[in-house]
Amino acid sequence: MTEYLHGYIKRSGYLHGIGLLGLIVLGLGVLGWFLSINVARIEVHGAVDAGESEILALADLQIGQKIYKTNASELGGRVEKHPWVQTASISRFPNGTLRINIRERKPELLVLDKNGRPIVYLDKSGRHMPFRDTSFHDVPIFHGYDVNEASDGHVNNVVVQELLLALADNITETDDLISEVSLKSDQIGLRLEPAGNHGAIPVQLGSTEFIKKLKRLRAFWYQNMVPAQNTRYESLDLRYASQIVSRENTP
């Protein structure tokens, strides 16, 4: 009985070794097949303002190169050099398709030049994204900002940087209130969207604490301005601590 068990264990170990070797050979074969797949098709998904031809040029891929030998991290890094690209990831498929997945930046302001022509959009990080007349983003227009003062395609003015972060903050929720933004001597001014009997009201924000001021502005809008039937607000000033100084016109 003992000899039988020893023989059984020996045969089982032998068969197990053969099975394991077979799996290794199969795995190496599959790996070799994967590594031999060539790029047959290149797709770009999610690009709107980032032109597909520009993305492909940055990707620097060739039909016929080995798809699984392509360094996805390096490829994504090259594509992310495009000013409109926030992130880029790579998907590869056994049929030879290589897909570049793009997530674009979200504009917060549209910069106009001295002649009133649109030049660049700015996102919350201060990145300059070139204006495209093929697409439209409903964001406030921005006067008084000199794009030539940018550093490596980014805003380096701390006042503008703080404002962009405040506009992007969901807490402020002022997307539907502001139509224009202006910069003069590092002071930020706004114009509100006309509503009711109020025109495009000018607003002075100053040079700091924009999140607090925009929250205060929104509250004032809904609590004081929207209900006002017989009062026309002419201007608002939020440069003073926790106050809103308003100029009104009552018929």
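Counting with the numbering used here, you get residues 455 to 705 for the letters of the sequence shown. Beta carbons: idealized from backbone N, C-alpha and C, even for Gly.
Nearest to residue i (by Cα), restricted to the options the options
i	options	result
Asn684	Ala673, Tyr676, Gly530, Glu702	Glu702
Gly653	Thr524, Arg546, Ser633	Ser633
Tyr687	Val533, Pro648, Gly531	Pro648
Ile491	Asp640, Glu508, Gly550	Gly550
Leu644	Leu621, Asn651, Ile625	Leu621
Leu637	Gly650, Leu631, Ser661	Ser661
Leu566	Arg557, Pro584, Ile556, Ile554	Pro584
Gly530	Ile521, Val601, Ser543, Val539	Ser543
Lys669	Tyr575, Asn525, Gln697, Pro656	Gln697
Val699	Val680, His608, Lys667	Lys667
Ser639	Leu671, Leu515, Val612, Gly607	Val612
Met679	Ala695, Ile655, Leu692	Ile655
Pro594	Lys568, Arg495, Asp630	Asp630
Val539	His499, Asp592, Asp587, Ile625	His499
Glu534	Ile554, Pro548, Gly518	Ile554
Tyr522	Thr541, Arg546, Glu603	Arg546
Gly598	Ser507, Ala526, Gly570	Gly570
Ser527	Arg495, Tyr676, Lys568, Thr541	Thr541
Thr628	Glu506, Ser507, Tyr676	Tyr676
Pro681	Ile517, Gly650, Ser507	Gly650
Simplified DSSP state of residue i, which is helix, strand or coil
i	result
Ser700	strand
Asn678	helix
Ser507	helix
Ile625	coil
Leu646	strand
Leu515	coil
Ala695	coil
Contact under 9 Å by Cβ, residue i with residue j
i	j	result
Phe596	Leu552	no
Leu617	Ile642	yes
Phe664	Leu690	no
Arg557	Pro537	no
Val614	Leu671	no
Glu532	Ala513	Per the sequence shown, the amino acid found at residue 532 is Arg instead of Glu. Their beta carbons are under 9 Å apart, which means Arg532 touches Ala513 by this criterion.
Val574	Thr524	no
Arg586	Val609	no
Leu646	Arg693	no
Ser589	Asp503	yes
Boundaries of the alpha helix (DSSP H) in which residue i is found, first to last residue
i	result
Gln615	612 to 622
N-terminal and C-terminal residue of the beta strand (DSSP E) that residue i is part of
i	result
Lys638	632 to 638
Asp691	686 to 691
Ile496	495 to 499
Gly660	656 to 660
Closer than 8 Å: residue i CB and nearest the ligand FAD heavy atom
i	result
Val609	This structure simply doesn't include the ligand FAD, nor any ligand for that matter.
Every unbroken beta strand (DSSP E) within the region 518 to 580, with a cutoff of 3 residues, ordered by chain: Qualifying beta strand (DSSP E) stretches, in chain order: 539 to 546, 551 to 558, 561 to 566, 572 to 577.
Which parts of the region 577 to 608 are runs of the beta strand (DSSP E), unbroken and 3 residues or longer, counting only runs that do not cross its ends? 582 to 584, 595 to 597
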